[in-house]
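**Q** Numbering (the numbering used here), first residue to last: 12 to 216.
Structure follows, in structure tokens:
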């Protein structure tokens, strides 16, 4: 049931971005129609640049039994010349939302906003829409002190079929979906300081 709710939420969220669909007639169709390098380069040249809009955080609500909109902020991001998605001033209060260890949570929240980098890979390039994957990132927060000791902390973002972006070349509108689901402490994934995770939707106004 929880999985079904999550899949439904993800579908609704991406649809709400109101971008033209770039999924074709299904995944088999997408595989048959992978863009050429020339098409990728042309699509990227149109898409690269600076954007502004909203960053929305959906956190897991145990009483609700699924992910619910928890917070949102105005956001700026950039598609750079090296196929990188740079989200500027990502709030650390978002990164701390699913941390269950109170001392670690406070240490993350005390950090200034972070600039986070994600690699992108264009999977479909059409005149009406560009679709791209968001490649995983470990957000390195450096050494933080919690529970009386210093530890190297990283926040894990994952890749799956839901971590994608869409771009409409005609309107310059973009929507991106990211999934955060873990904390590394001294390079070890620690389940005892973290719960279900967060879903982020980044979209132009």
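All C-beta atoms, glycine included, are put in the ideal place defined by N, C-alpha and C.
The structure presented is a predicted model; accordingly, all values stated were derived computationally and were not measured.
Alpha carbon to alpha carbon, what distance is there between residue 72 and residue 119?
**A** Against the chain shown, residue 119 aligns to sequence position 108. Against the chain shown, residue 72 aligns to sequence position 61. Roughly 21 Å between the two C-alpha positions.
**Q** Pick helix, strand or coil for residue 181, following the three-state DSSP scheme.
**A** Position 170 of the chain shown, counting from 1, holds the residue named residue 181. If DSSP states are grouped into helix, strand and coil, residue 181 belongs with coil.
**Q** Ordered along the chain, which non-local residues of its own chain (more than five positions away) have a Cβ less than 6 Å from that of residue 82?
**A** On the chain shown, residue 82 is found 71 positions in, with the first residue counted as 1. Closer than 6 Å at Cβ, skipping near neighbours: 68.
**Q** With respect to the alpha helix (DSSP H) encompassing residue 95, which residues constitute its N-terminal and C-terminal limits?
**A** Here the question's residue 95 lines up with position 84 in the chain shown. Premise fails: residue 95 lies in the beta strand (DSSP E), 95-101, not in any alpha helix (DSSP H).
**Q** Which of the three DSSP states, helix, strand or coil, is assigned to residue 73?
**A** Here residue 73 refers to the residue found at position 62 of the chain shown. DSSP places residue 73 in coil when its eight states are reduced to three.
**Q** So, using beta-carbon positions, are residue 129 and residue 96 closer together than 7 Å?
**A** For the purposes of this step, residue 129 is taken as the residue at position 118 of the chain shown. For the purposes of this step, residue 96 is taken as the residue at position 85 of the chain shown. The answer is yes: Cβ separation under 7 Å.
**Q** Across which residues does DSSP place residue 128 in a beta bridge pair?
**A** Here residue 128 refers to the residue found at position 117 of the chain shown. Answer is 97.
**Q** Among 136, 156, 122, 79, which residue has its Cα nearest to the Cα of residue 52?
**A** By 1-based counting over the chain shown, the position of residue 52 is 41. For the residues 136, 156, 122, 79, the minimum Cα distance to residue 52 belongs to 136.
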